Amino acid sequence: MLSRWSKTFALAFTACAFVMGASQAHAELIVRDDLKRVFDETGVTGTFVLMDISADRTYVVDLSRAARRIHPASTFKIPNSLIAFDTGAVRDDHEVVPYGGKPQPYKRWEHDMTLPEAIRASNVPIYQEVARRIGAERMQAYVDAFDYGNRQIGSVIDQFWLRGPLEISAFEEARFTSRLALKQLPVTPRTWDRVHRMLLIEKQGDAALYAKTGVATEYQPEIGWWVGWVERAGQVYAFALNIDMPNEVDMAKRIPLGKRLMQALAVWPTP
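Quick look at the structure:
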């Protein structure tokens, strides 16, 4: 049986393996469980990962949860958009994609949309159509090239990010968005430019915030995501947050909570 120290070491080693690629083997990992108080004050349980790229340093709240893989849900709209533009499955960010004409859980989804409009509305049927256009072979090739989570897309091309088998951890989400922010993913510059513009949600002072939410519905309670990166004063900070959401009101807590955590780490400006 592993000693308590051995278990802690093994957990930290596993978590570091998620954070570090071959070129990041010396990255510093800093556990900031003192910031659990911010989760407590918000009334939720969760994890937060922030990668300070220039300092080669990663901060984490709740190490074990940050290494746990779950469905990416609507955060997969980020790689789905990259793949759609890069393969030509969607011609450009002006092409209107049909939603299919069927009743949807939200009326705002019952419209044909461009991808910039669809990502803002988090329109599931639009992105399901996009995935069908891409097809399994091309989708798998890009998911592999992106080293995205467990890389498993299964046999149902328009469900795998919602119900599995695709899973990803908070560490891996932050690593993925850091590679996107730094133009390290294998896509064309035009593809990068389009998705970069789509993900910009806010500017404040010298800081720009690029991000996407998601709700993993196959868990009890449901799990809410918020992932992305901040560009500030020439620096890049990639982040991933996930929280348990036993109540619908918890959905609205993700972004304010993430901002508070980034303010505590001196990344996002304090109003």
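Numbering (mature numbering (1 follows the signal peptide of the UniProt record, and there is no 0)) for the sequence shown: -27 to -1, 1 to 244. Here a beta-carbon is modelled for each residue, glycine too, at the ideal position from N, C-alpha and C. Keep in mind that this is a model prediction, so the values were computed, not measured.
Supposed contact pair Gly197 and Met171 - C-beta distance, whole angstroms, cut 8 Å: For the purposes of this step, residue 171 is identified with residue 198 of the sequence shown, where counting begins at 1. For the purposes of this step, residue 197 is identified with residue 224 of the sequence shown, where counting begins at 1. Incorrect: roughly 20 Å between the Cβ atoms, too far for contact.
Nearest-angstrom beta carbon gap, Ala239 and Ala147 [assumed within contact, 8 Å]: To locate residue 147, count along the sequence shown from 1; it is residue 174. To locate residue 239, count along the sequence shown from 1; it is residue 266. Ala147 to Ala239, Cβ: 17 Å. No contact.
Where the alpha helix (DSSP H) containing Trp199 begins and where it ends: Mapped onto the sequence shown, residue 199 falls at position 226. Unbroken run through Trp199 is the beta strand (DSSP E), 195 to 205; no alpha helix (DSSP H).
Residue range of the beta strand (DSSP E) that includes Val209: Counting from 1 along the sequence shown, the entry for residue 209 is found at position 236. Counted as a single uninterrupted DSSP element, the beta strand (DSSP E) harbouring Val209 occupies residues 208 to 218.
Phe58 - containing alpha helix (DSSP H), residue span: By 1-based counting over the sequence shown, the position of residue 58 is 85. Looking at the DSSP string, the run of the alpha helix (DSSP H) that includes Phe58 is 50 to 60.
Coarse secondary structure for Lys185, derived from DSSP in three states: Mapped onto the sequence shown, residue 185 falls at position 212. Reduced to three states, the DSSP call for Lys185 is strand.
Residue of Thr20, Val168, Trp202, Asp223 minimising C-alpha distance to Leu182: Position 209 of the sequence shown, counted from the start, is the residue given in the question as residue 182. It is Trp202.
DSSP three-state assignment for Gly19, whether helix, strand or coil: On the sequence shown, position 46 is the one that residue 19 refers to. DSSP places Gly19 in strand when its eight states are reduced to three.
Enclosing alpha helix (DSSP H) for Ile26 [first to last residue]: Locating residue 26 in the sequence shown gives position 53, where the first residue counts as 1. Premise fails: Ile26 is in no alpha helix (DSSP H) and is neither H nor E.
Residue closest to Phe149, alpha-carbon to alpha-carbon, out of Ile3, Asp6, Leu23, Val4: Walking along the sequence shown from the start, residue 149 turns up at place 176. Ranking the options by Cα distance to Phe149, first place goes to Leu23.
Residues sharing a beta bridge with Val116, DSSP: By one-based count along the sequence shown, residue 116 stands at place 143. According to DSSP, Val116 bridges with nothing at all.
For Val200 and Ala237, the rounded distance between their alpha carbons: Counting from one through the sequence shown, the residue named residue 237 turns up at place 264. Counting from one through the sequence shown, the residue named residue 200 turns up at place 227. Cα-Cα distance, rounded: 17 Å.
Beta-carbon proximity of Leu8 to Leu234, cut-off 9 Å: As a working note, residue 8 is residue 35 in the sequence shown. As a working note, residue 234 is residue 261 in the sequence shown. Contact: yes.
Nearest-angstrom Cα separation, counted from Glu195 out to Pro229: For the purposes of this step, residue 229 is taken as the residue at position 256 of the sequence shown. For the purposes of this step, residue 195 is taken as the residue at position 222 of the sequence shown. Those two C-alpha atoms are separated by around 18 Å.
Extent of the continuous beta strand (DSSP E) to which Leu8 belongs: On the sequence shown, position 35 is the one that residue 8 refers to. Looking at the DSSP string, Leu8 is not in any beta strand (DSSP E), and its letter there is neither H nor E.
Residue environment, residue 254, which counts as buried when at least 16 other CB atoms sit within 10 Å: Lying outside -27 to 244, the shown extent of the chain, residue 254 is not represented and no answer is given.
Same chain only: Cβ atoms within 8 Å of Pro98, ignoring 5 sequence neighbours per side: Taking the sequence shown and counting its residues from 1, the one referred to as residue 98 is at position 125. Counting only Cβ-Cβ distances below 8 Å, and skipping sequence neighbours, we find Tyr72, Gly73, Lys75, Gln77, Trp82.
Length of the line joining the Cα atoms of residue 270 and Leu2: Residue 270 lies beyond the range of the chain shown here (-27 to 244); nothing can be said about it.
Contacting residues, own chain, Cβ-Cβ under 8 Å from Ser27 (five flanking each side not counted): As a first step, residue 27 must be located in the sequence shown, where it is residue number 54. Taken in chain order, the residues that qualify are Gln208, Val209.
Val34 - DSSP class collapsed to helix/strand/coil: Along the sequence shown, read from residue 1 onward, the residue named residue 34 stands at position 61. It is a strand residue.
Residues bridged to residue 255 (per DSSP): With the chain covering -27 to 244 only, the question about residue 255 has no answer from this structure.
Euclidean distance between Cα positions of Thr164 and Asp223: Counted from its first residue, the sequence shown places residue 164 at position 191. Counted from its first residue, the sequence shown places residue 223 at position 250. Between Thr164 and Asp223, the C-alpha separation is close to 33 Å.
Residue from Ala(-1), Asp29, Arg41 with nearest C-alpha to Ile216: Walking along the sequence shown from the start, residue 216 turns up at place 243. For Ile216, the nearest C-alpha among the options comes from Arg41.
Straight-line gap, Pro242 to Glu110 (C-alpha atoms, nearest Å): The residue you call residue 242 lines up with position 269 of the sequence shown. The residue you call residue 110 lines up with position 137 of the sequence shown. Their backbone Cα atoms lie some 43 Å apart in a straight line.
One or two residues paired with Glu1 in a DSSP bridge: Residue numbering aside, residue 1 sits at position 28 when the sequence shown is read from its first letter. DSSP lists Arg30 as partners of Glu1.
Leu88 and Val63 closer than 9 Å at C-beta: Looking up residue 88 in the sequence shown gives position 115. Looking up residue 63 in the sequence shown gives position 90. Cβ atoms of Leu88 and Val63: closer than 9 Å.
Where Thr20 falls, given that 16 or more other Cβ within 10 Å makes a residue buried: As a position in the sequence shown, residue 20 is number 47, starting the count at 1. With 16 or more other Cβ atoms within 10 Å, it is buried.
Pairwise C-alpha distance: Glu175 and Ala206: Here residue 206 refers to the residue found at position 233 when the sequence shown is read from its first residue. Here residue 175 refers to the residue found at position 202 when the sequence shown is read from its first residue. So the alpha carbons of these two residues sit roughly 15 Å apart.
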